[in-house]
Amino acid sequence: MLFRQNRFFFLPYALALVVVGMLQLLYSQTQLMQWVNARNSPAADVFFTYATYLGDGVFFVAVCLIVLIYSWRVGLMTFASFALSSLVSVFLKTVVFTNSPRPLLYFEHSIKQYHLIEGLDIHSYNSFPSGHTTSAFALFLMLALIDDRRARGWFFFLLAALTGYSRVYLFQHFVQDAYVGSLVGSASTLLVWWLMHRWVYATESGQNRAPTFRRDG
1 MLFRQNRFFF LPYALALVVV GMLQLLYSQT QLMQWVNARN SPAADVFFTY
51 ATYLGDGVFF VAVCLIVLIY SWRVGLMTFA SFALSSLVSV FLKTVVFTNS
101 PRPLLYFEHS IKQYHLIEGL DIHSYNSFPS GHTTSAFALF LMLALIDDRR
151 ARGWFFFLLA ALTGYSRVYL FQHFVQDAYV GSLVGSASTL LVWWLMHRWV
201 YATESGQNRA PTFRRDG
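Just so we're aligned: the sequence shown equals residues 1 to 217 in the working numbering.
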């Protein structure tokens, strides 16, 4: 039911997972990075420099606060999604895959061959998974789930996907980092949605009905 109702998000996401997954089986992370990096332009430099902030924690919290104004129930659920996805991402980065090299460090001996945006702060460690992509998919999937206008799901997916692509374009992450980050973020939101839907809101209302984005009265 949940996946069918939100097919405008899940169908393009499933297609993207299959396509990008196949590309990672056929090509190395180095080859994929080279392909993305070679397709640059001044306009894309500006666009993705700003698009990447869609996955920033500050942006996520700001959206949570806005949602909270309209509905404390949905706001609480959005905050829970942010907290869980962030905790999982940080745990993987700092405990499981400690100091995994980012592209800047991995390609340090051939860095002059790559396009880097002047003035951009590019990190060297804690590459896996991409925290920005994790946050973006956690946030935009949650927005897709709570929006009564289900057809907007494709737009929310597009925003999340652009955030993930921006991390590779900006030389901050490998494709695999963004790929797994999207899974972590999506899984976090789905888990929060299921727990809230199953235990919290069902108990309050006496029925198993999921909350949507309406102002609480």
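C-beta: ideal position from N, C-alpha, C; glycine also. Given the structure is predicted, the values throughout are model-derived calculations rather than measurements.
Nearest to Met-1 by alpha-carbon distance, out of Arg-150, Ile-69 and Leu-162, is Arg-150. Around the Cβ of Ile-66, a 10 Å sphere holds fewer than 16 other Cβ atoms; the residue is exposed. Shown here for Ala-14: not one same chain residue has a beta carbon closer than 7 Å to its own, the five before and five after excluded.
Taking all protein chains shown into account, Tyr-169 has 16 or more neighbouring C-beta atoms within 10 Å of its C-beta and is therefore buried. When C-beta atoms of the stretch 182-195 are compared with those of the stretch 85-102, three or more pairs fall below 8 Å, so the two segments count as touching. Closest in alpha carbon position to Val-36, among His-173, Val-180 and Gly-181, is His-173. Exclusion of the five residues before and after His-132 leaves Thr-52, Gly-55, Asp-56, Thr-163 and Arg-167 as the residues of its chain whose Cβ lies within less than 7 Å of its Cβ. Distance check between Leu-158 and each of Leu-143, Arg-102 and Pro-42 places Leu-143 closest, using alpha-carbon atoms only. The distance from the Cβ of Trp-154 to that of Phe-47 is about 19 Å, inconsistent with a contact at the 8 Å cut-off. Counting only the Cα atoms, Thr-134 lies some 23 Å from Gln-34. A direct Cα-Cα distance of roughly 14 Å separates Glu-118 from Tyr-50. In this structure, the beta-carbon distance from Ser-110 to Phe-128 does not fall below 8 Å.
A residue is called buried once 16 or more other Cβ atoms fall within 10 Å of its Cβ, and Leu-139 is buried on that count.
Check the Cα spacing between Phe-60 and each of Tyr-165, Leu-84 and Leu-92: the tightest is with Leu-84. Looking only at Leu-191, Phe-82, Leu-105 and Gly-75, the smallest Cα-Cα distance to Val-58 is reached by Phe-82.
Between Asp-177 and Ser-130, the gap from beta carbon to beta carbon is short of 8 Å.
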